[in-house]
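What follows is a short report on a single structure.
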Amino acid sequence: MGAPPRAILHLDLDAFYASVEQLDDPSLRGRPVMVGGTGGRGVVCAASYEARRFGVRSAMPTARARRLCPEGVFLAPRFDRYAELSDRVFGIYRRFTPLVEPLSLDEAFLDVTASRALHGDGASIARTIRRLVREEAGLAVSAGIAEVKLAAKIATDLAKPDGLLEVPAGGVRAFLAPLPAWRLWGVGEVTGEALRRAGIATIGELAAADGARLERALGSAGAELARLARGEDPRPVTPDGEARSLGSEDTFEEDRLGEEALLPALREQAERVARRLRSAGLRGRTVTLKLKYADFRGVTRRCTLPGPTDDGRALYDAARAQLGRADLSRPVRLTGITASGFGEPERPQLDLFAPAEAPATRRRRALNAAVDAIAARFGEGTVRPASEGGERKIRWAQKPRGKEEE
Ligand SMILES: [Mg+2]
Numbered sequence: 448m449g450a451p452p453r454a455i456l457h458l459d460l461d462a463f464y465a466s467v468e469q470l471d472d473p474s475l476r477g478r479p480v481m482v483g484g485t486g487g488r489g490v491v492c493a494a495s496y497e498a499r500r501f502g503v504r505s506a507m508p509t510a511r512a513r514r515l516c517p518e519g520v521f522l523a524p525r526f527d528r529y530a531e532l533s534d535r536v537f538g539i540y541r542r543f544t545p546l547v548e549p550l551s552l553d554e555a556f557l558d559v560t561a562s563r564a565l566h567g568d569g570a571s572i573a574r575t576i577r578r579l580v581r582e583e584a585g586l587a588v589s590a591g592i593a594e595v596k597l598a599a600k601i602a603t604d605l606a607k608p609d610g611l612l613e614v615p616a617g618g619v620r621a622f623l624a625p626l627p628a629w630r631l632w633g634v635g636e637v638t639g640e641a642l643r644r645a646g647i648a649t650i651g652e653l654a655a656a657d658g659a660r661l662e663r664a665l666g667s668a669g670a671e672l673a674r675l676a677r678g679e680d681p682r683p684v685t686p687d688g689e690a691r692s693l694g695s696e697d698t699f700e701e702d703r704l705g706e707e708a709l710l711p712a713l714r715e716q717a718e719r720v721a722r723r724l725r726s727a728g729l730r731g732r733t734v735t736l737k738l739k740y741a742d743f744r745g746v747t748r749r750c751t752l753p754g755p756t757d758d759g760r761a762l763y764d765a766a767r768a769q770l771g772r773a774d775l776s777r778p779v780r781l782t783g784i785t786a787s788g789f790g791e792p793e794r795p796q797l798d799l800f801a802p803a804e805a806p807a808t809r810r811r812r813a814l815n816a817a818v819d820a821i822a823a824r825f826g827e828g829t830v831r832p833a834s835e836g837g838e839r840k841i842r843w844a845q846k847p848r849g850k851e852e853e
């Protein structure tokens, strides 16, 4: 690969929601803290490292976490506060590069290749950022540094908690080789099992495996995985405003069966994607619905809209229509909605001869602006338009469990 090596940072705040609670209430420091739904069907969004010692993990039903850690502190999330601190931390990142790709409230990629002349090499920048986040936000952020995204992200996972790990230039393949294959992006339960059956345990074995053998084991995904295993990952760091797709998905605490059971989650996801689109100034024409069944097999269904949109209701309607093309007789463990096919951000209508907006569209645009303003003030997911019907009211809604937390 002829291009000079890149310097990519992956930064991930440790046990973010739980750490914020410990930051704001010193009496919680050193104690097992779990943030999440405290009701009967609630799940843990974040667990402090003290709680993890009891076996508690994020995405675990709260009831189970209570059994594992009865003396733990269980708190409802305060998304407004998390969003405020996330903004502060991302502001620190942007002092070093405009190339910040948020993955969630607490996780981002930074491309600092062009920042090195001014700020020092990738590891120095990561050390400075870790110090500033500690000083200015009171939080621990772990860092991975590598030439490619894939290796930077794995390095962060290995560095946690409160650590830093650099993969030296030219060393990505050697770094990956001894690691178990499941560490690779895209290797889920099903792929991992197929690899095990093929006698492949490590990333190095995957990198060295015979192409035909891989194709037998994994089908067409085999070649792509082998490239990743060799450390070939040319994906650029893409700020949200330049994203090619924006999506949102949730894994349910209990599998859900049938259309009615899936629609509320789709509504939430559509609104979350719409809000991210609007804040990035993007409108999508392609809507992809993703389902993962209880057996971990996934399907996607995609459709193209007549025109681009950043409206949650339009995304929801499109995703709902795609549900009809999926097998709903089986229990579903995850749904997700992704928007892609972005055009130019829409310009304000100054042309007198442009067709007037339909009143319904105009109303929805005004409503969306109101929802965004409230969400910006009180935190993502605190509010969304009430579902269907003529009069649309704003009502408070509990944010479903997201993928945000690690
Ligand atoms: Mg995190």
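Heads up: the sequence shown begins at 448 in my numbering, then just goes up one per residue. Glycine included, C-beta positions come from ideal geometry on N, C-alpha and C. Bear in mind the structure is a predicted one, so any value in this text is a computation, not a measurement.
Segments of 4+ residues assigned as alpha helix (DSSP H) that fall wholly inside the stretch 505–541
Listed in chain order, they are 509–515, 526–541.
Regarding residue 553 and ligand 1, is the C-beta to nearest heavy atom distance less than 6 Å?
Relative to ligand 1, the nearest heavy atom lies less than 6 Å away from the CB of residue 553.
Residue 612 and residue 623 look like a contact to me (Cβ under 8 Å); what is the Cβ gap, rounded to whole Å?
Not really, about 13 Å apart at Cβ, beyond 8 Å.
Nearest-angstrom Cα distance between residue 451 and residue 676?
Straight-line spacing of the CA atoms in residue 451 and residue 676 works out to 20 Å.
When the Cα of residue 621 is compared with those of 598, 573, 642, which residue comes out closest?
Among 598, 573, 642, the Cα nearest to that of residue 621 belongs to 598.
Tell me whether residue 649 sits in a helix, a strand or coil according to DSSP, three-state version.
Three-state DSSP puts residue 649 in a strand.
Taking all protein chains shown into account, decide if residue 776 is buried (16 or more other Cβ within 10 angstroms of its Cβ) or exposed.
With a 10 Å radius around the Cβ and a threshold of 16 neighbouring Cβ atoms, residue 776 comes out exposed.
Does any heavy atom of ligand 1 sit closer than 6 Å to the C-beta of residue 612?
Flag unset: Cβ of residue 612 not near ligand 1.
Short Cβ contact (7 Å threshold) for residue 664 with residue 648:
With a cutoff of 7 Å on beta-carbon distance, residue 664 and residue 648 are scored as not near each other.
Indicate, with yes or no, if ligand 1 has a heavy atom lying under 6 Å from the CB of residue 463.
Yes.
When you compare the CB positions of residue 498 and residue 482, do they come within less than 7 Å of one another, or not?
At least 7 Å separates the beta-carbon of residue 498 from that of residue 482.
Per DSSP, what kind of secondary structure is residue 741 in: helix, strand or coil?
When secondary structure is reduced to three states using DSSP, residue 741 falls in the coil class, being assigned neither helix nor strand.
Considering only DSSP beta bridges, list what residue 459 is partnered with.
As computed with DSSP, residue 459 is found in a beta bridge with 554, 589.
C-alpha gap between residue 717 and residue 686, whole angstroms:
Residue 717 and residue 686 have their C-alpha atoms spaced approximately 21 Å apart.
What residue from 657, 607, 467 has the CA that sits closest to residue 528's CA?
Ranked by Cα distance from residue 528, the first of 657, 607, 467 is 467.
Nearest-angstrom beta carbon gap, residue 678 and residue 595 [assumed within contact, 8 Å]
Cβ-Cβ separation between residue 595 and residue 678: approximately 6 Å, consistent with a contact (criterion under 8 Å).
Would you check if the distance between the CB atom of residue 544 and the CB atom of residue 562 is smaller than 7 Å?
In contact: residue 544 and residue 562 (Cβ atoms closer than 7 Å).
Exposed or buried, which one is residue 602 when buried takes at least 16 other CB atoms within 10 Å?
Residue environment analysis places residue 602 among the buried positions, since at least 16 neighbouring C-beta atoms fall within 10 angstroms of its C-beta.
Between the alpha carbons of residue 540 and residue 772, how many angstroms are there, rounded?
Annotation: residue 540 to residue 772 spans about 42 Å, alpha carbon to alpha carbon.
Hey, quick one: how far does the alpha helix (DSSP H) through residue 692 stretch, first residue to last?
For residue 692, no alpha helix (DSSP H) segment is defined; the enclosing uninterrupted segment is the beta strand (DSSP E) at 692–703.
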